[in-house]
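Inspection log for the structure reproduced underneath, given as structure tokens.
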Amino acid sequence: MIEESRLGPLKLETLRKKINNEEYLNGAIQRIALILSNELLDTPQGGFYHERQRKGRK
Numbered sequence: 114m115i116e117e118s119r120l121g122p123l124k125l126e127t128l129r130k131k132i133n134n135e136e137y138l139n140g141a142i143q144r145i146a147l148i149l150s151n152e153l154l155d156t157p158q159g160g161f162y163h164e165r166q167r168k169g170r171k
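The sequence shown maps to residues 114 to 171 in the numbering used here.
Here it is as structure tokens:
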């Protein structure tokens, strides 16, 4: 566990509030899942691109 002295009480309290916020946790889980999926599938940071987007057409 992270020591309180290293973070400071205000930062630690902010992190505690975020952990107890269901929307924040769901968003964080989605971001982690997206990053892991992109790494596993070896896709660019923005995700998959359609062939036309790679050629500069939209």
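Note that beta-carbon positions come from the ideal geometry of N, C-alpha and C, so glycine has one too.
Beta carbon of residue i, beta carbon of residue j: below 8 Å?
i	j	result
Ile132	Leu125	no
Helix or strand or just coil, what does DSSP make of residue i?
i	result
Asn151	helix
Gly238	This structure cannot settle anything about residue 238, because the visible part of the chain is limited to 114 through 171.
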